[in-house]
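Comments concern the structure below.
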Amino acid sequence: MQKVVVIVEDAETVAHSLAVAIETLSDVKAIVARDPRAALSLFSTPGSAIAALVTDLNLPYIDGFELIRQVRTMQAYRNLPVIMISADERAGVLNGSAPHPANALFQKPFSPKEVCRVLEQLLQ
0 MQKVVVIVED AETVAHSLAV AIETLSDVKA IVARDPRAAL SLFSTPGSAI
50 AALVTDLNLP YIDGFELIRQ VRTMQAYRNL PVIMISADER AGVLNGSAPH
100 PANALFQKPF SPKEVCRVLE QLLQ
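Residue numbering for the sequence shown follows numbering that gives the first Met the number 0, starting at 0 and increasing by one per position.
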């Protein structure tokens, strides 16, 4: 069965490069949401079986930390693996003090290959 990874990134080129890289992993399918509200609707769809979330910190409407918080308040996704990607230099400090921190954090510019390596570990 394929593992679904939701990518929430408003920069089209970054979202595309992440999706292409992530789909090189065995039995993994990437779904891109350009808006965190669209991502939340994916998580709240009955029967959705999302295996991980890769999100940017700076997003329209709500930031990545709020997105993680809202997803992890859903019973099925309490322990969802999350990778955050950010150009914000404060992201590491913010993640360390967040009530629902990401499992891994990458600073932009990042290596899609390295994101995939960490994601593969988190999906095991």
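Glycine included, each C-beta is placed from N, C-alpha and C at the ideal position.
If I measure Cβ to Cβ from residue i and keep anything under 6 Å in the same chain, skipping five residues before and after, which residues do I get?
i    : result
A103 : I82, V117
A75  : none
Are the beta-carbon atoms of residue i and residue j separated by less than 7 Å?
i    : j    : result
V4   : A32  : no
P127 : L66  : No information on residue 127 is available, as it lies outside the stretch 0 to 123 that the chain covers here.
A86  : K107 : yes
L52  : L79  : yes
I6   : A18  : yes
E8   : D55  : yes
S16  : P111 : yes
F42  : V70  : yes
Which residues in the same chain as residue i place their Cβ atom closer than 8 Å to its Cβ, once the five residues preceding and following it in sequence are excluded?
i    : result
Y60  : D34, P35, R36
G46  : none
F109 : I84
C115 : A20, I21, T23, L24
A14  : I6, E8, V31, R33
M73  : F42, S43
Tell me, to the nearest whole angstrom, how far the beta carbon of residue i is from that of residue j; I am working on the premise that it is less than 8 Å.
i    : j  : result
L122 : K2 : 6 Å
Going by DSSP, what residues sit across from residue i in a beta bridge?
i   : result
M83 : T54, L104
I61 : In DSSP, I61 forms no bridge with anything.
I49 : V3
K28 : V3
Keeping to the same chain, check which residues put their C-beta closer than 7 Å to that of residue i; ignore five residues upstream and five downstream.
i   : result
A50 : K2, V3, V4, L122
R77 : R71
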